[in-house]
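Chemist:
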Amino acid sequence: MAAVQKRVQLFYDVLSPYSWVAFEVLCRYRSKWNMKLEFCPFFLSGIIQGAGNRPPGIVQAKASYMGKDISRINQYYKIPLKIPSDVPDVLFVKGSLRAQRLLTAAKSSCTQETVEQLSRQLWLRVWSRDEDITEADSLRDAGRKAGLSEDQIGKLIDQTSTVEVKEELKRTTQEALDLGAFGAPFIVAHVGGKKERFFGSDRMELLAHTMGEKWLGPLVEQRSKI
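Counted the way our numbering counts, the sequence shown spans residues 1 to 226.
1. Of the choices Trp127, Val188, Ala105, whose alpha-carbon is the least far from that of Ser161?
2. Looking at the secondary structure, which residues open and close the beta strand (DSSP E) in which Glu196 lies?
3. Please work out which residues of its chain come closer than 7 Å, Cβ to Cβ, to Arg101, disregarding the five sequence neighbours upstream and downstream, and give them in chain order.
4. Can you tell me whether Leu122 is helix, strand or coil according to DSSP?
5. In this structure, does DSSP put Ile157 in helix, strand or coil?
6. Answer yes if the stretch 117-124 comes into contact with the stretch 181-197, meaning at least three C-beta pairs across the two stretches below 8 Å, and no otherwise.
7. Taking the beta carbon of Asp13 as the centre, do at least 16 other beta carbons fall within 10 Å, making it buried, or is it exposed?
8. Determine the DSSP secondary structure at Phe92, reduced to helix, strand or coil.
9. Quick check: does the Cβ of Ile133 come within less than 7 Å of any heavy atom belonging to the ligand NAD?
10. So Phe42 and Gln112 are supposed to be a Cβ contact under 8 Å. How far apart are they, rounded?
11. Select from Arg144, Ile83, Pro88 the residue whose C-alpha is nearest the C-alpha of Asp130.
12. Can you tell me where the beta strand (DSSP E) holding Phe11 begins and where it ends?
13. Among all the DSSP beta bridges, which residues are the ones paired with Leu37?
14. Do the stretch 174-187 and the stretch 20-40 make contact, defined as three or more Cβ pairs closer than 8 Å?
15. Taking C-alpha atoms, which residue in Gly212, Ser201, His190, Gln174 lies nearest to Gln49?
16. Which residues share a DSSP beta bridge with Phe186?
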């Protein structure tokens, strides 16, 4: 009898470059680890506020370090991360609310594969090509590149303004806060009846150990076509 897959929840926001790292690594390990990966888009600003945290972008030392860190991550994981030209505008003015509502709508009405591709396209826009993720045209372009039809992406964009989607995003954000989230990414592995929680993209060795799996490095050969 095959072992029961362990549920792994990835709470993330496309405004977080480290969420992208965790996302890609977990996607690469789906065929290696016995896990059922669940994408859980939440609202990072709500997490920061709810947990009483401070975003790294407003701490000068952290902001300066991030540039070098992202360069190293790019080389190690082969994820095309690049710092946007105007980080304060991206993080603190434009934000990610509409993008996260789009992903919430997609999770409710589309396949897991669609949520994966749409998430990746939004990250590529903001953290690789320095493009907008707030305007309707930007969301449409991400949807097209994710393989959605014009009708499908139009319906998803319409859903971003509905009460149902807004409340679902709030619910997921509150779920993460209740689990102890204070930033992104936040990973919850359901192992042996326990909810094992991990913060950040650099805890994969510990996640593997907790799940009884092996960490085999960045698995660059398993990377998605980006």
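Quick reminder that beta carbons are idealized off the backbone N, C-alpha and C, glycines included.
Modeler: Taking the geometry as given:
1. Along the sequence shown, one-based indexing puts residue 161 at 161. The shortest C-alpha separation from Ser161 is found at Ala105.
2. Working through the sequence shown from its first residue, we reach residue 196 at position 196. Where Glu196 is concerned, the enclosing beta strand (DSSP E) stretches over 194-199.
3. The residue given as residue 101 occupies position 101 in the sequence shown. Here the set comprises Thr160, Val165, Lys166, Leu169.
4. The sequence position of residue 122 within the sequence shown is 122, counting from 1. Of the three classes helix, strand and coil, the one that applies to Leu122 here is helix, per DSSP.
5. For the purposes of this step, residue 157 is taken as the residue at position 157 of the sequence shown. The answer is helix: DSSP assigns Ile157 an H, G or I state.
6. no
7. By 1-based counting over the sequence shown, the position of residue 13 is 13. Asp13 is buried by the Cβ-count criterion.
8. For this step, residue 92 is matched to residue 92 along the sequence shown. Three-state DSSP puts Phe92 in a helix.
9. As for the ligand NAD, it is missing from this structure, which has no ligand bound.
10. Against the sequence shown, residue 42 aligns to sequence position 42. Against the sequence shown, residue 112 aligns to sequence position 112. So it is not a contact: roughly 17 Å between Cβ atoms.
11. As a position in the sequence shown, residue 130 is number 130, starting the count at 1. Nearest option by C-alpha distance: Ile83.
12. Taking the sequence shown and counting its residues from 1, one reaches residue 11 at position 11. Taken as a continuous stretch (DSSP letters only), the beta strand (DSSP E) holding Phe11 covers 6-12.
13. Stepping through the sequence shown from its first residue, residue 37 is reached at position 37. Answer is Val8, bridged to Leu37.
14. yes
15. Residue 49 sits at position 49 when you count from the first residue of the sequence shown. Comparing Cα positions, the closest option is Gln174.
16. The sequence position of residue 186 within the sequence shown is 186, counting from 1. Answer is Phe11, Phe199, bridged to Phe186.
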